[in-house]
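Reading through the structure tokens given below for one structure.
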Amino acid sequence: MNLLDLKHVTDQRWDSELIPRLVEYVKVPAKSPGFDASWAAHGYLQQVVKEAFAWGRAQKIAGLTIEIVALDGKTPCIFFDVPASGGLGNAKTVLFYGHLDKQPEMVGWRDDLGPWTPVIEDGKLYGRGAADDGYAIYAALAMIAAIDAQGAPRPRCVGIIESCEESGSPDLPAYLDLLSPRLGDVGLVAGLDSGCGNYEQLWVTTSLRGLVGGTLTVEVLTEGVHSGKASGLVPSSMRIARQLLNRIDDPATGRVVDDAFHAQIPAERLAQATTAGAILGDQVWKEFPWVGCNHGPDSHAHAMPTTTDPVEGILARTWRPALSVTGAAGFPSIDSAGNVLRPKTTFKLSLRIPPTVDGERATHQLKKLLTENTPYNAKVSFDADWGATGWNAPETAPWLKRAADDASRRVWGKDAAWMGEGGTIPFMNMLGEKFPRAQFLITGVLGPKSNAHGPNEFLHIPYVKQLTAAVAGIVTQMPTA
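Going letter by letter, the sequence shown gives residues 135 to 615 in this note's numbering.
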């Protein structure tokens, strides 16, 4: 297959057809159910699913079947099935994965941008969801059509596009069970919902951290009291909360202190991090929007990372646990904060855990550390709302390594790079358990400064074009015997 000819075709489709479709997709506030309890009544999720389905149904791909699958009370998904071409059998399949639901608005967007306001500027499509990852179904079917137009043999391709991934994919297991008899023997999972270390080569995600989350509440009083009368005698709920958090991580270094939250890093992942660190260098930490403008490692004019060593930085954000406080309650606004000792403090906690640490066990351990033997016998509760185990890819098959390097060289002129991601995608662990014999090509367009989930999120248009061609090249190389 001539990959450059294929890229020329898919580039034209992105420019003339697919980017305009994603512009319309960005306009729809199709927030995931976890952020829109009235999603069914609002109808936005159904809208983006129906629009993607209608586009897919119109594709002139021989043998394509596509449908909306909707179980009662669950978010809908799209399933498509395209038979093998070029005489290859249909038993072995490539499974494409993507999702159409979105994160909520988030504050901090540039004045001329917004989550539902698509803007194309400097080769980037700004707005919520196009990169994470509304593009997936369009890229998958566009590459299949382009492969077939060249007459190249291709395995059978199936796809599941869900609509609750940003809420942890609670509905996906039911759909996997329902559709399992129709998936065949999955030899390759092509997940288009991940990131890239730069925009200069193919990046394959090898692991994802898990996530333990919940709400910590510390109560000392039944109501607020005058701080002049009570402070010094009544312990501050904030100070108690601070002590409890110190049981989880070292306040000086951020290192999570309990061994239950740590895991040994496999040799293959260490080697891949070393290679990725050499490629990315200081970009590992410079990609973030630090306060201050001088990014020299010896400067104190701006906030600094925990390490400026690229390899250690990659491992810190992909294979080591880390605690974040992502929200708080019980605090009045600054302009209405009187001299009152507050009765309680509530924090929203997010603890990233290594890919191989069990999420359920980590949840139990976190609750135990926070709620047992509390200072001053304060009333402390921890209500867990996350307990997701991460994912570590199986050992890379030689064919996949060769195919990824070959596709990356032909599209970008550089070998593929392999690296873990620090985020949590619960469906990956589900797919790993469902298809233990499959290889995993987990990739995506969320590169430096693309800011998934945050303000000013964008889709890098040149990269999504290149990625479409590269993944097409890999799909045609999957062994079917």
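From the three backbone atoms N, C-alpha and C, an ideal C-beta is built for every residue, glycine too.
Checklist entry - Bridge partners of residue 291, per DSSP? => result 216, 228
Checklist entry - Assuming residue 477 contacts residue 357 under a Cβ cut-off of 8 angstroms, what Cβ separation, rounded to an integer in Å, is found between them? => result Sure, about 6 angstroms apart at Cβ, within 8 angstroms.
Item to check | Option in 295, 451, 190 with minimal Cα separation from residue 313 | outcome: 295
Checklist entry - Excluding sequence positions up to five away, which residues of its chain have a Cβ less than 8 angstroms from the Cβ of residue 210? => result 179, 180, 183, 202, 203, 204, 297
Checklist entry - Whose CA, out of 464, 544, 558, lies closest to the CA of residue 484? => result 558
Next on the checklist: Nearest by alpha-carbon distance to residue 375: which of 263, 516, 301, 494 is it?
Outcome noted: 516
Checklist entry - Do three or more CB pairs link the region 170 to 178 to the region 255 to 262 at distances below 8 angstroms? => result The region 170 to 178 vs the region 255 to 262: no contact.
Item to check | alpha helix (DSSP H) segment containing residue 417, residue limits | outcome: Unbroken alpha helix (DSSP H) run through residue 417: 417 to 420.
Checklist entry - In this structure, does DSSP put residue 479 in helix, strand or coil? => result strand
Item to check | Distance CB(residue 533)-CB(residue 417) smaller than 8 angstroms | outcome: no
Next on the checklist: Suppose you measure from the CA of residue 392 to the CA of residue 496; what does that come to, to the nearest Å?
Outcome noted: Cα to Cα, the separation comes out at about 10 angstroms.
Next on the checklist: Which residue wins for smallest C-alpha separation from residue 503, given the options 382, 144, 271, 604?
Outcome noted: Of the listed residues, the one whose Cα sits closest to residue 503 is 382.
Next on the checklist: Using the three-state DSSP reduction, which class does residue 377 fall into: helix, strand or coil?
Outcome noted: helix
Checklist entry - Looking only at DSSP bridge pairs, what is residue 134 linked to? => result In this structure the chain extends from 135 to 615, so residue 134 is not present and cannot be described.
Checklist entry - Which one of 549, 582, 565, 598 has the shortest CA to CA distance from residue 299? => result Ranking 549, 582, 565, 598 by Cα distance to residue 299 puts 565 first.
Item to check | Delimiting residues of the beta strand (DSSP E) encompassing residue 319 | outcome: 319 to 325
Checklist entry - In terms of DSSP beta bridges, what is residue 152 paired with? => result Bridge partners of residue 152: none, in fact.
Next on the checklist: Check whether the region 599 to 610 and the region 238 to 254 touch, using three or more Cβ-Cβ pairs below 8 angstroms as the test.
Outcome noted: no
Next on the checklist: Please tell me whether residue 544 and residue 137 are closer than 8 angstroms, where the distance is taken between their beta carbons.
Outcome noted: yes
Checklist entry - So, are the CB atoms of residue 284 and residue 140 less than 8 angstroms apart? => result yes
Checklist entry - Does the Cβ-Cβ distance between residue 354 and residue 474 come in under 8 angstroms? => result In this structure, residue 474 does not lie closer than 8 angstroms to residue 354 by Cβ.
Checklist entry - For the region 279 to 293 against the region 189 to 201, are there 3 or more C-beta pairs whose distance is under 8 angstroms? => result yes
Checklist entry - Considering only C-alpha positions, which residue in the set 323, 487, 522, 479 is nearest to residue 463? => result Closest option to residue 463, Cα to Cα, is 479.
Item to check | Backbone secondary structure at residue 540 - three-state DSSP | outcome: helix
Checklist entry - By DSSP, does residue 206 sit in helix, in strand, or in coil? => result coil
Item to check | Range covered by the beta strand (DSSP E) that runs through residue 553 | outcome: 551 to 555
Next on the checklist: Between which two residues does the alpha helix (DSSP H) holding residue 568 run?
Outcome noted: 560 to 568
Next on the checklist: With a threshold of 7 angstroms on Cβ separation, who are the neighbours of residue 308 within its own chain once the five nearest residues in sequence on each side are excluded?
Outcome noted: 205, 208
Item to check | Three-way DSSP call (helix, strand, coil) for residue 301 in this model | outcome: helix
Next on the checklist: Within a Cβ cutoff of 7 angstroms, which residues of the same chain sit near residue 466, ignoring the five residues on either side of it in sequence?
Outcome noted: none
Item to check | Reference residue 328; option with closest CA among 341, 320, 321 | outcome: Residue 328 has its Cα closest to that of 341, out of 341, 320, 321.
Next on the checklist: What does the alpha-carbon distance come out to for the pair residue 552 and residue 454?
Outcome noted: 17 angstroms
Next on the checklist: Taking the beta carbon of residue 555 as the centre, do at least 16 other beta carbons fall within 10 Å, making it buried, or is it exposed?
Outcome noted: buried
Next on the checklist: Pairs of beta-carbons, one from the region 316 to 330 and one from the region 573 to 589, closer than 8 angstroms: are there three or more?
Outcome noted: yes
Checklist entry - CB-CB under 8 angstroms to residue 369, same chain, minus the five flanking residues each way: which ones, in chain order? => result 354, 509, 510, 512
Item to check | Three-state class that DSSP yields for residue 193 in the structure shown | outcome: coil
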